[in-house]
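I have placed the structure first, in the form of structure tokens, so that the comments after it can refer back to it.
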Amino acid sequence: MFEVINWPADMAPSRSPIHFTNEIEVAVSPATIWSLLTDPLSWPTYYPGVSHVDLLDGHATLQLGSRFETNLAGQDVAASVVEFEPMVRIAWAGGPKASPSSRAHHAWIIAPTEGGCHLWTEETMQGPLWIELAKEAPDIFWRTHEKLLCDLADVAVRREASARRHEG
Numbered sequence: 045m046f047e048v049i050n051w052p053a054d055m056a057p058s059r060s061p062i063h064f065t066n067e068i069e070v071a072v073s074p075a076t077i078w079s080l081l082t083d084p085l086s087w088p089t090y091y092p093g094v095s096h097v098d099l100l101d102g103h104a105t106l107q108l109g110s111r112f113e114t115n116l117a118g119q120d121v122a123a124s125v126v127e128f129e130p131m132v133r134i135a136w137a138g139g140p141k142a143s144p145s146s147r148a149h150h151a152w153i154i155a156p157t158e159g160g161c162h163l164w165t166e167e168t169m170q171g172p173l174w175i176e177l178a179k180e181a182p183d184i185f186w187r188t189h190e191k192l193l194c195d196l197a198d199v200a201v202r203r204e205a206s207a208r209r210h211e212g
């Protein structure tokens, strides 16, 4: 049985006009996925539209409370890590600087499987900016996260294969 998302009450799917879930099976270890998710400097290699991430607290990788800024969905976004259980789950919350009333909560769960791991991501979004973007293309966020998962899986598989070659 897989874990469930720990939603903050105000960002629960039942209170959010935008909610989507994406998942994938990946033939890599949870540690490989975890290393990519917690290293935002690697995000441009797999995260659609991300060209940079600025860590604001002097950390090299994400940890509970880490604050960061990036550009997502064409928006300059400020966020912080609100949940952090190594190798199992991470979540960040924040929103676009241009629309303080627009917010998002993005959670990830990694579950080991016989062949690698099951990666699940789920997000809720609220506020006028996200709603306007969704009106233009109702499935844009879901499709972007499908690509995100596929690209993340590809990078993870290549990283793990490269590590195995260097070990041998």
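Numbering (my numbering), first residue to last: 45 to 212. Ideal Cβ placement from N, Cα and C applies to all residues, glycine included. Everything numeric in this text was worked out from a predicted model, so none of it was measured.
Query raised in the report: Can you list, in chain order, the residues of its chain whose CB lies under 8 Å from that of Leu192, leaving out five sequence neighbours each side?
Result: Cβ contact annotation for Leu192 (same chain, cutoff 8 Å, sequence separation greater than five): Asn66, Tyr90, Tyr91, Pro92, Thr165, in chain order.
Query raised in the report: Can at least three beta-carbon pairs, one atom from the stretch 138-146 and one from the stretch 50-70, be found at a separation below 8 Å?
Result: no
Query raised in the report: Exposed or buried, what is Glu69 when buried is set at 16 or more other beta-carbons lying within 10 Å of its beta-carbon?
Result: exposed
Query raised in the report: Bridge partners of Leu163, per DSSP?
Result: Ile68, Ile154
Report task. Verify the contact flag: Pro172, CB atom, against every heavy atom of the ligand MG, threshold strictly below 7 Å. Result -> Absence of the ligand MG is noted for the structure shown, with no ligands found whatsoever.
Query - His63 - DSSP class collapsed to helix/strand/coil - result: strand
Query raised in the report: How about Ser73 and Gly160: are their beta carbons less than 8 Å apart?
Result: yes
Report task. Confirm, please, whether the CB-CB distance from Ile77 to Leu163 is below 8 Å. Result -> The Cβ-Cβ distance between Leu163 and Ile77 falls below 8 Å.
**Report entry** Other residues of its chain near His63: CB distance less than 6 Å, five sequence neighbours each side excluded
**Finding:** Pro57, Thr168
Report task. Tell me whether Pro172 sits in a helix, a strand or coil according to DSSP, three-state version. Result -> helix
Query raised in the report: Based on the DSSP secondary-structure assignment, which residues constitute the bridge partners of His149?
Result: Ala137, Thr168
Requested in this report: Using alpha carbons as the reference points, say which of Ile184, Pro84, Gln119 lies closest to Val125.
Outcome: Pro84
Query raised in the report: Relative to the C-alpha of Glu47, which residue among Leu100, Ser206, Arg133, Ala207 is closest?
Result: Arg133
Requested in this report: Identify the continuous beta strand (DSSP E) that holds Asp120 and give its terminal residues.
Outcome: 119-129
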